[in-house]
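S.K.: Quick one: this structure, given as structure tokens, is what I'll be asking you about.
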Amino acid sequence: MSKTLNIEAARAALARAAWARGEAPAYDENAVSDLLADIRHLCAAAGHDFDRCDRVATMYFQDEIGGA
491 MSKTLNIEAA
501 RAALARAAWA
511 RGEAPAYDEN
521 AVSDLLADIR
531 HLCAAAGHDF
541 DRCDRVATMY
551 FQDEIGGA
């Protein structure tokens, strides 16, 4: 997936989360924090380990940007 597509997917997730709350889409740090909190709630409800998911996401990100 290209970096542009990654960014568009994230923007779409932020917009959809705002829509679900009945709010206008926002793309600032507060909106990102709200979405991450929502994902934490989802993980807790589904029995997923959010911290593990976050570590794996960091590995994916590092790989995608060519980092170590």
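Going by my numbering, the sequence shown opens with residue 491, and the numbers climb by one from there.
Backbone N, C-alpha and C define an ideal beta-carbon position, used for all residues, glycine too.
Remember, predicted model here, so these are calculated numbers, not experimental data.
#1: For His-538, which residues from the same chain have a beta carbon less than 8 Å from its beta carbon, with the 5 sequence-adjacent residues on both sides left out?
#2: Which two residues bound the contiguous alpha helix (DSSP H) that contains Glu-513?
#3: I need the straight-line Cα distance from Arg-511 to Leu-525, nearest angstrom please.
#4: Would you tell me roughly how many angstroms separate the C-alpha atoms of Cys-543 and Met-549, rounded to the nearest one?
#5: Could you tell me the alpha carbon to alpha carbon distance between Ala-536 and Ala-503, rounded to whole angstroms?
#6: If you draw a straight line from the C-alpha of Leu-509 to the C-alpha of Ala-499, how long is it?
M.R.: Reading it off the structure:
#1: Leaving aside the five residues that flank His-538 on each side, the residues in its chain whose CB is nearer than 8 Å to its CB run, in chain order, Leu-532.
#2: Note, Glu-513: premise wrong, no alpha helix (DSSP H); not H, not E.
#3: If I take the Cα positions, the gap works out to 11 Å.
#4: 10 Å
#5: 19 Å
#6: Here residue 509 is Trp; the residue named in the question, Leu, does not match the sequence. For Trp-509 and Ala-499, the distance between alpha carbons rounds to 15 Å.
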